[in-house]
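Following: one structure in structure tokens, then a few remarks.
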Amino acid sequence: MSKKIYVIDPERCTGCRLCEIICSVKHVGVSNPAKSAIHIIKWDQEGFYLPMHCQHCEDAPCMAICPKKAITRDETLDRVVIDYDLCIGCKLCVSACPFGAMGYDPDRKKVFKCDLCDGDPQCVRFCDMKAVDFVEVSRHSLQRMRESSERYAEVMRKHGGG
1 MSKKIYVIDP
11 ERCTGCRLCE
21 IICSVKHVGV
31 SNPAKSAIHI
41 IKWDQEGFYL
51 PMHCQHCEDA
61 PCMAICPKKA
71 ITRDETLDRV
81 VIDYDLCIGC
91 KLCVSACPFG
101 AMGYDPDRKK
111 VFKCDLCDGD
121 PQCVRFCDMK
131 AVDFVEVSRH
141 SLQRMRESSE
151 RYAEVMRKHG
161 GG
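Each residue of the sequence shown is one higher than the one before, counting from 1 in the UniProt record's numbering.
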């Protein structure tokens, strides 16, 4: 299986939040953006919307800090996953994530994050604007990731966030 990466094009995102709804319905059976593993960061004055999700970091801080080793790397899909049987809901990983991509579900008393829907991300399937994509690694896809990161950094600098 060739390696795939999640690519975001913030210039295409309209901020509709359908990805958040689809994610929460798929994973917890309710339309509740607070229980979604993807979140839209909005700068309305800029008309800039950024879908934010787990980056599946190579050296994931959430993995390193987990006292129960409930967070591991699935080498098959090259993703960071949570073993819910081991997770004690301590939320250390939520604090450790530099992207704010970990959530906590008070109903289940467990943390959650993007799991790439086992290789078929539903947010990608339902985004009509194609603001999110799951593509094979290529020079072009890596360039798209770089451009997205640069645009995000530019907006953060402009608005005092970084």
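Glycine residues also receive a C-beta, built at the ideal position from the N, C-alpha and C atoms.
Note that the structure is a prediction, hence the values are computed from the model and not measured.
Exercise. Output the boundary residues of the beta strand (DSSP E) element that contains H39.
Key: Numbered from 1 along the sequence shown, position 39 holds the residue referred to as residue 39. Its beta strand (DSSP E) spans residues 39-43.
Here's the rule: buried if 16 or more other CB atoms are within 10 angstroms of the residue's CB, otherwise exposed. What is residue 236?
For the chain, the structure presents residues 1 to 162; residue 236 sits outside this window and is missing.
### Message
To the nearest angstrom, how far is the alpha carbon of C90 from that of A101?
### Response
Against the sequence shown, residue 90 aligns to sequence position 90. Against the sequence shown, residue 101 aligns to sequence position 101. In a straight line, the C-alpha of C90 is about 16 Å away from that of A101.
Query raised in the report: Where does G119 land, buried or exposed, given buried means 16+ other C-beta within 10 angstroms?
Result: As a first step, residue 119 is located in the sequence shown; it is residue number 119 there, counting from the start. Classification for G119: exposed.
Going by DSSP, name the residue or residues bridged to L18. Stepping through the sequence shown from its first residue, residue 18 is reached at position 18. Beta-bridge pairing links L18 to no other residue.
Can you look up D9 in the DSSP assignment and give me helix, strand or coil? As a first step, residue 9 must be located in the sequence shown, where it is residue number 9. In this structure, D9 counts as coil in the three-state DSSP scheme.
**Asked** Looking at V80 and C57, is the spacing between their C-beta atoms short of 9 Å?
**Response** The count along the sequence shown starts at 1 and reaches residue 57 at position 57. The count along the sequence shown starts at 1 and reaches residue 80 at position 80. Judged by their CB atoms, C57 and V80 are nearer to each other than the 9 Å cut-off.
Taking 9 Å as the threshold (C-beta atoms), are A70 and D83 in contact?
Taking the first residue of the sequence shown as position 1, residue 83 is located at position 83. Taking the first residue of the sequence shown as position 1, residue 70 is located at position 70. Using a Cβ distance threshold of 9 Å, D83 and A70 count as a contacting pair.
Would a C-beta distance cut-off of 9 Å place A37 and C16 closer than the cut-off?
-> Taking the sequence shown and counting its residues from 1, the one referred to as residue 37 is at position 37. Taking the sequence shown and counting its residues from 1, the one referred to as residue 16 is at position 16. For the 9 Å CB-CB criterion, A37 and C16 do not form a contact.
Practice item. Report the partner residues of D120 according to the DSSP bridge assignment. Key: For the purposes of this step, residue 120 is taken as residue 120 along the sequence shown, with counting starting at 1. Residue pairing by DSSP places D120 in no beta bridge whatsoever.
Report task. Could you please give me the residues that DSSP links to D74 through a beta bridge? Result -> For the purposes of this step, residue 74 is taken as the residue at position 74 of the sequence shown. Beta-bridge analysis with DSSP links D74 to R79.
Item to check | Cross-strand partners of K110 (DSSP beta bridge) | outcome: As a first step, residue 110 must be located in the sequence shown, where it is residue number 110. Partner(s): D105.
Requested in this report: Find the nearest neighbour of D128 within the set S2, K3, C19, judged by alpha-carbon distance.
Outcome: By 1-based counting over the sequence shown, the position of residue 128 is 128. Among S2, K3, C19, the Cα nearest to that of D128 is on C19.
Residues of its chain near V25, where Cβ-Cβ distance is below 8 Å and the 5 sequence neighbours each way are ignored:
Counting from one through the sequence shown, the residue named residue 25 turns up at place 25. By the criterion of a C-beta distance shorter than 8 Å, V25 is surrounded in its chain by S31, once the five residues flanking it on both sides are discounted.
### Message
Quick check: what's the CA-CA separation for P10 versus S148?
### Response
Here residue 10 refers to the residue found at position 10 of the sequence shown. Here residue 148 refers to the residue found at position 148 of the sequence shown. The straight-line gap from Cα to Cα measures roughly 6 Å.
Less than 8 Å between C-beta atoms, sequence neighbours within five positions excluded: which residues of the same chain meet that for T72? Indexing the sequence shown from 1 puts residue 72 at position 72. Cβ neighbours of T72 within its own chain (closer than 8 Å, five residues either side excluded): M63, V80, V81, D83.
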